[in-house]
Amino acid sequence: MRARILVLHPALGPLDYRVPQGMHVEPGSIVIVPIGPRQYVGVVWEPERLPTEEIGDNRLRNLLAVVDAPLVPELVRRLVEWTANYYLAPLSAVLAMTVRSSAALERAPTIVEYRATGEVPGRLTPQREQALERIGDRQGLVRELATIADVSDAVIRGLVKVGAIEPVVIDTDSPYPLPDPGFAPPELSGEQAGAAKILRDAVDAAAFQPFLLDGVTGSGKTEVYFEAVAAALQAGRQTLVLLPEIALTEPFLTRFAKRFGCEPIAWHSGLRTSQRRRAWRAIARGEAMVTVGARSALFLPYPNLGLVVVDEAHETSFKQEEGVHYHARDVAVMRGRFAQCPVILASATPAIETRHQVELGRYAELKLPGRYGVAELPEIEPIDLIKEPPKRGRWLSPRLVLAIDAALERGEQSLLFLNRRGYAPLTLCRHCGHRFQCPNCTAWMVEHRLIRRLSCHHCGHTVPTPEICPECEEPDSLVACGPGVERIADEVAALWPNARTAIVTSDTLWSPAKAAEFVARMEHGDIDIVVGTQLVTKGYHFPNLTVVGVVDADLGLDGGDLRASERTFQQIMQVSGRAGRGEKPGTVYIQTHAPEAQVMQALISGDAAAFYAAETEARREAEAPPFGRYAAIIVSSEDKAAGEVTARMIGRSAPKLDEMHVYGPAPAPLAMLRGRHRFRLLVHARRAFDVQDVIREWLGGLEWSAKVRVAVDVDPYSFV
Ligand code: ADP
Ligand code: ZN
30 MRARILVLHP
40 ALGPLDYRVP
50 QGMHVEPGSI
60 VIVPIGPRQY
70 VGVVWEPERL
80 PTEEIGDNRL
90 RNLLAVVDAP
100 LVPELVRRLV
110 EWTANYYLAP
120 LSAVLAMTVR
130 SSAALERAPT
140 IVEYRATGEV
150 PGRLTPQREQ
160 ALERIGDRQG
170 LVRELATIAD
180 VSDAVIRGLV
190 KVGAIEPVVI
200 DTDSPYPLPD
210 PGFAPPELSG
220 EQAGAAKILR
230 DAVDAAAFQP
240 FLLDGVTGSG
250 KTEVYFEAVA
260 AALQAGRQTL
270 VLLPEIALTE
280 PFLTRFAKRF
290 GCEPIAWHSG
300 LRTSQRRRAW
310 RAIARGEAMV
320 TVGARSALFL
330 PYPNLGLVVV
340 DEAHETSFKQ
350 EEGVHYHARD
360 VAVMRGRFAQ
370 CPVILASATP
380 AIETRHQVEL
390 GRYAELKLPG
400 RYGVAELPEI
410 EPIDLIKEPP
420 KRGRWLSPRL
430 VLAIDAALER
440 GEQSLLFLNR
450 RGYAPLTLCR
460 HCGHRFQCPN
470 CTAWMVEHRL
480 IRRLSCHHCG
490 HTVPTPEICP
500 ECEEPDSLVA
510 CGPGVERIAD
520 EVAALWPNAR
530 TAIVTSDTLW
540 SPAKAAEFVA
550 RMEHGDIDIV
560 VGTQLVTKGY
570 HFPNLTVVGV
580 VDADLGLDGG
590 DLRASERTFQ
600 QIMQVSGRAG
610 RGEKPGTVYI
620 QTHAPEAQVM
630 QALISGDAAA
640 FYAAETEARR
650 EAEAPPFGRY
660 AAIIVSSEDK
670 AAGEVTARMI
680 GRSAPKLDEM
690 HVYGPAPAPL
700 AMLRGRHRFR
710 LLVHARRAFD
720 VQDVIREWLG
730 GLEWSAKVRV
740 AVDVDPYSFV
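Next up, the structure:
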């Protein structure tokens, strides 16, 4: 007996092994295989679907073991193949997203974790003190606690020995509570009930059907798709809900629990090993009925999926830009197709690609045109920064300042939105003009005053902010150019010294727990003014927030890529959607240098339909997505010459076809990233053209130096 195995090794194709006497495997079995002296995890595949070089029986090695875990379902194997094929990614790299962590596979129904006892050790070294302080009431493996505390494993073990930390036995196979569809169903409005009924019926029909749930911010989209979740629960089928950010999972869990009586299973990168193992197994056994997570939850091996929801479906964070370059929204639709179930894309500002699918009749559209209850959509007021400029060295115009004054007076909350982390995007020396650039990237170092460092937002390189210019050695000569959220927060502190403010960025809300803490403070009215990046534009519901100020509405238009206007529109609509969600009406102030620009006009007039129509027409003329297709080929190397030679060679050997045009190679706008020089080619093709097939053949016939990496980005969202 032989078996064909897809091994979780990025550089290896499928391999054949002998199945030893007494071992039983079938397609989907997770197995351990030997490769050289090492062991790898692999999955048994249908041989006819994975052609490989035939090896004689006498040269086969034995499978080492079958992992005691549920099979990877057939539908999931087909999804893995489809994704690898569509995104030109190695099968093993896609499969790795399914069979996620080895922790999920080890047969260990109980594991031992550790937590602090509260006891203070007799000998309290600085290391021990640091460890106990940082661990707080967290729990985890020794390794995890050591990482959290930034100390060695030995320090943690020492603390166990003296009784300051104790072991806890965790049962990783214990079942999760089941959400109850009838726990606390809401009274739906007429509009909501109509949409909910259609979704429930679609779940009951158990057939593939994508929906665009298109409702303004605050219209109750979540409440409506919860009814579909309830239907899936009643039918005994699993639901997957994808959210764009892990920061949003925490409030979602609470909200879900209020409706269904218990939390769903959360899947994100912040899980502890034991949580990950327990969740993976419950999902794979079909017992985890509702899973919520970021895009990585998409490839988990649900055997019995009855509903997929993509919330805030327009978000570009669903596009993965590393490893396998896939778009979770698009793969989610395929997932529903394989599973024969409905897929709900919920958004107040759907992507043009999604709207186009509605126009083609492939997706059904459900509309919720009004806010729920008494809440009204906010007033939008443009502020022309040329006519009403802020004071010198300030960023908030007088009218916006007055509006926040008034909100403070009324005891209401305000939000200032600027999509830029840190204090200032550029720092230079006023004496010699020296600018601080990242040594690894074509990017300026961004000043973060809260932690007194300059940091690169591309590679994470950071240095302490210098006191003297490293070039001319002039002291105190550095000036910050332009604003980031920290600088706006400074301005807020100067204008309203008594106001309670919060800065919300990925620097401050880096974990679901931090996000939950922020939400709680907002809800309790402990914050008057929030200054935040795109992280605050999503999903939050704060009824007492009535003033929103968009500090620089033109910021997103700079890049000039194909979706710049669309993204600006979505982002500002979303942040506007945070205003006036309760009984009190809201106002949104949009600071811009270009109030006459089409996107600003659309925001001011609220005429989304006209904006979409114009954008769609422009795309059609340019044969840009969704009317044509792009694929980017990104060549990178630490050795600039080697990268350039390869990029040129790829360009020279491009097939000459009528349906397809190749631009480049050219140095990428982000010419260096993480120490690698980058060159780009852009393939532009007709919509129906199988560009993947052409690229596969084209690149498959070429060879390049091991120093060079070639990545293909099908349907790219980033052009830098
Ligand atoms: P969206 O997702 O469209 O922005 P939400 O689902 O967050 O809207 O709803 C906005 C607010 O209105 C939430 O606080 C939600 O609980 C409330 N809400 C919406 N529909 C109902 C309803 N039928 N009954 C009670 N509250 C509702
Ligand atoms: Zn960098």
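With my numbering as the guide, the letters of the sequence shown map in order to residues 30 to 749. Think of the CB as a built atom: it goes at the ideal place given N, C-alpha and C, for glycine as much as any other residue. As the structure is a prediction and not an experimental result, all values here were calculated from the model.
Run through DSSP, which three-state label would residue i get?
i: I84; result: coil
i: Y392; result: coil
i: V180; result: coil
i: M30; result: coil
i: N114; result: helix
i: E408; result: strand
i: W74; result: strand
i: P745; result: coil
i: M318; result: coil
i: V232; result: helix
i: Q599; result: helix
i: Y618; result: strand
i: I415; result: coil
i: G223; result: helix
i: L632; result: helix
i: E103; result: helix
i: T127; result: helix
i: A94; result: strand
i: T491; result: strand
i: T471; result: coil
Does ligand 2 have a heavy atom nearer than 6 Å to the CB of residue i?
i: H706; result: no
i: N114; result: no
Cβ-heavy atom distance between residue i and ligand 1 below 6 Å?
i: P215; result: yes
i: K348; result: no
i: T21; result: Any question about residue 21 goes unanswered here, given that the chain covers just 30 to 749.
i: L566; result: Rather than Leu, the amino acid found at residue 566 in this sequence is Thr. Every heavy atom of ligand 1 is 6 Å or more from the Cβ of T566, so no.
i: K396; result: no
i: Y392; result: no
i: G247; result: yes
i: K287; result: no
i: Y401; result: yes
i: G244; result: yes
i: H570; result: yes
i: K613; result: no
i: T378; result: no
i: T15; result: The question about residue 15 has no answer here: the residues shown for the chain are numbered 30 through 749.
Can you tell me the Cβ-Cβ gap for residue i and residue j, rounded? I've got them flagged as a contact below 8 Å.
i: N573; j: G554; result: 7 Å
i: N469; j: R703; result: 5 Å
i: G609; j: T575; result: 6 Å
i: V101; j: V70; result: So it is not a contact: roughly 11 Å between Cβ atoms.
i: Y254; j: L242; result: 6 Å
i: R658; j: D744; result: 7 Å
When every heavy atom of ligand 4 is checked, does at least one fall within less than 6 Å of the C-beta of residue i?
i: T491; result: Ligands displayed in this structure: ligand 1 and ligand 2; ligand 4 is not among them.
Step through the CB atoms of chain D and report whether any lies within less than 7 Å of the CB of residue i.
i: L395; result: Of the chains in the structure shown, none is chain D; there is only one protein chain.
List in chain order: all unbroken alpha helix (DSSP H) runs of 4+ residues lying wholly within the stretch 421-464. 427-438
For a minimum of 4 consecutive residues, which ranges assigned as the alpha helix (DSSP H) are wholly contained in the stretch 240-268? 250-263
Quiz: which residues have CB nearer than 5 Å to ligand 2 non-hydrogen atoms: C467, N469, C470, C485, H487, C488, H490
Restricting to runs no shorter than 4 residues, where is the alpha helix (DSSP H) found entirely within the stretch 500-587? 514-524, 541-552
Whole alpha helix (DSSP H) runs in the stretch 701-740 with 4 or more residues, listed along the chain? 720-729
Length-filtered (3 minimum) beta strand (DSSP E) runs lying within the stretch 151-207: 194-200
Considering only residues of the stretch 644-688, which uninterrupted beta strand (DSSP E) runs meet the minimum length of 3 residues and lie entirely inside it, listed in chain order? 657-666
Going residue by residue through the stretch 270-334, where are the continuous beta strand (DSSP E) segments of at least 3 residues, counting only ones entirely within it? 294-296, 319-322
Whole runs of the alpha helix (DSSP H) within the stretch 351-405, excluding any shorter than 4 residues: 357-368, 381-388
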